[in-house]
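Position one of the sequence shown corresponds to residue 1 (my numbering), numbered consecutively onward. All C-beta atoms, glycine included, are put in the ideal place defined by N, C-alpha and C.
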Amino acid sequence: MSSSAPSAAIPAEIPRHEDLVNERLVAWYFIASLVFLGTSMLAGLHMALQLVHWNPCPDAELLSPGRWRMVHTNAVAYGFLANAFLGMLHWTVPRLTLRPVASSALSYFIFGAWQFVVLSTAAGILIGPSLQDAPWVMELAAKYNISMSLGAQGIEWGETPVWIDPIAQVGLLLVAINFMVPISRARGPMYVTLWYFMAMFVWTFLVYAMGNFMSEYWVGGTSGGAVGGLFIHDLVGLFVTPLGWGMMYYFVPILLQKPIWSHGLSLVGFWGLAFFYPLNGIHHFLYTPIPMFLQYGAVIATIAVEFVVTTVIINFIGTVWGQGKSVYRSLPLRWFYTGMIFYFLTCLQCALQVTLTFQKLIHFTDWVVGHAHLVMFGVFSLWLFGVMTYLFPRLIGRDWWSPQLCEWHYWLSTAGVLVMAFDLTLAGIFQGYYWASLQMWDVSVDGSMPFWITRVFAGLAMLGGFVCFVWNLVMTYRTAPAKGAVAAV
Ligand code: HEM
1 MSSSAPSAAI PAEIPRHEDL VNERLVAWYF IASLVFLGTS MLAGLHMALQ LVHWNPCPDA
61 ELLSPGRWRM VHTNAVAYGF LANAFLGMLH WTVPRLTLRP VASSALSYFI FGAWQFVVLS
121 TAAGILIGPS LQDAPWVMEL AAKYNISMSL GAQGIEWGET PVWIDPIAQV GLLLVAINFM
181 VPISRARGPM YVTLWYFMAM FVWTFLVYAM GNFMSEYWVG GTSGGAVGGL FIHDLVGLFV
241 TPLGWGMMYY FVPILLQKPI WSHGLSLVGF WGLAFFYPLN GIHHFLYTPI PMFLQYGAVI
301 ATIAVEFVVT TVIINFIGTV WGQGKSVYRS LPLRWFYTGM IFYFLTCLQC ALQVTLTFQK
361 LIHFTDWVVG HAHLVMFGVF SLWLFGVMTY LFPRLIGRDW WSPQLCEWHY WLSTAGVLVM
421 AFDLTLAGIF QGYYWASLQM WDVSVDGSMP FWITRVFAGL AMLGGFVCFV WNLVMTYRTA
481 PAKGAVAAV
């Protein structure tokens, strides 16, 4: 491990990398994540085609765009991001703590169980309602006196069918145990990456329970809406964000071969996130019957997050200061720093769009969809692509088959998401003005068409980049001559 990554006090005998990291499992997680990302992108494209009346199979119930929209978001969050982050955790935590995960068998079990959860969620969304009406299912339900919905739940991002929720909840607990054991055994001062990861294990468990049980069983009406808003935003802020930043604090110093600029500032970022982020959620429901003091609180907390984010970005700029060329030369670093620029932009956008003045115009418009793609793809997916670009050669033991295809992946993804975000942001402003001028709904739909057509092509570019990456990966695995293991630094 690079000495530039501060970690726990180093034991007398440093364990070998092979004894710490289960590389095969890391690779499996990454591959599973890519399968779900591909599925999700096709689903997104399907929905995008529907919106411009180019749906290739409009009469197939199973391919109904409404269902595939839910598959699109669920596959991206739980299939792609969660799997990729789990792979990254299996590499990072043992190397930072110098201790393996609690149990390798548990890691394999979690891997299998998680794929089951994601696939069952997709199946529930796609065929749940039809299955529920099947005579044999109705017969079984009547015989055992069970009444349970097999389809999606009506909670945004919590669509996971009810019977899967307890399994996912237990899975999250097992994940936390598997990684908290090595973290708790580590000695010495704790590096900020582990702060983020530890907090995430606790937060994600609680956030999942809040979104999938509280609003389903106990809290209704506007309170249910408030809890749902917290859930949506905390999934991004308390699950994806700490994993993303924790990952950056680990990989950037290693690639630059120097320590992070300021450890003090890194803790400001961590505690700022912990304090302000959980209060943001209600900003999804401004201008609703939720009490105004809660809405104002969410607006202020959201703007505060922008300041917190700025401290984090300054820290990473300070770290790379004087070595700017390495960001251009090293593709993983380029992925990371491009994602950081997008992160700053998306948080800036957020600080503006959260104000009530802005909300009047852009509420319910495509501005929000543009924002969602900028953060989920432009930031976290780009960071994960950087990590995969860096780690796959180490996991497979050979250099990339085609560095040019790696470049194509970068440029198509970056350009695609940039066009999509800009296009939808603009679409949102137009839609807002159409609606505010009280014209017929159709007028706004017609006016949105050029933007929606542009989105199809931006999506195709993103998909093209993804295909380049997967093709390169397959060829690297199959045909590249092994040059000996690429050093794990
Ligand atoms: C081929 C590329 C993609 C296309 C064409 C696409 C298209 C779409 C469409 C049409 C929607 C529904 C918008 C609506 O309901 O009006 C959507 C929603 C969404 N997509 Fe994608 N998408 C793509 C890739 C991705 C990726 C890679 C991610 C994340 C990594 C992502 C994240 C999201 C999110 C978070 C939403 C929900 C937005 C909201 O509810 O505000 N998309 N996408």
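Along the chain, where does the alpha helix (DSSP H) containing residue i start, and where does it finish?
| i | result |
| --- | --- |
| residue 13 | Residue 13 -> no alpha helix (DSSP H), and no H or E assigned at all. |
| residue 306 | 292-320 |
| residue 149 | Segment: none, residue 149 is in no alpha helix (DSSP H) and carries neither H nor E. |
| residue 108 | 104-132 |
| residue 139 | 135-143 |
| residue 209 | 192-209 |
| residue 59 | Careful: residue 59 lies outside any alpha helix (DSSP H) and carries neither H nor E. |
| residue 18 | 17-20 |
| residue 185 | 165-185 |
| residue 257 | Element bounds for residue 257: n/a, residue is neither H nor E. |
| residue 233 | 221-234 |
| residue 38 | 23-51 |
| residue 491 | Residue numbering for the chain in the displayed model covers 1 to 489; residue 491 lies beyond these limits and cannot be assessed. |
| residue 361 | 356-362 |
| residue 90 | 82-97 |
| residue 65 | 65-74 |
Since residue i contacts residue j with CB under 8 Å, what's their CB separation in whole angstroms?
| i | j | result |
| --- | --- | --- |
| residue 171 | residue 117 | 6 Å |
| residue 363 | residue 287 | 7 Å |
| residue 192 | residue 270 | 6 Å |
| residue 173 | residue 207 | Not quite, the Cβ-Cβ distance comes to about 13 Å (not below 8 Å), so this is no contact. |
| residue 107 | residue 55 | So it is not a contact: roughly 41 Å between Cβ atoms. |
| residue 420 | residue 370 | 7 Å |
| residue 305 | residue 276 | 5 Å |
| residue 196 | residue 246 | 3 Å |
| residue 413 | residue 382 | 7 Å |
| residue 226 | residue 303 | Going by Cβ atoms, the distance from residue 226 to residue 303 rounds to 19 Å, so no, they are not a contact pair. |
| residue 112 | residue 161 | Not confirmed; about 19 Å, so no contact. |
| residue 251 | residue 390 | 7 Å |
| residue 410 | residue 331 | 6 Å |
| residue 83 | residue 32 | 5 Å |
| residue 157 | residue 211 | 7 Å |
| residue 261 | residue 318 | 3 Å |
| residue 343 | residue 320 | Not really, about 15 Å apart at Cβ, beyond 8 Å. |
| residue 451 | residue 424 | 7 Å |
Measure from the C-beta of residue i to each C-beta in chain D and report whether the shortest distance is under 8 Å.
| i | result |
| --- | --- |
| residue 91 | In the structure shown, chain D cannot be found, because there is only a single protein chain. |
Exercise. Which whole runs of the alpha helix (DSSP H) in the segment 368-453 are 4 residues long or more, in chain order?
Worked result: 382-396 and 403-436
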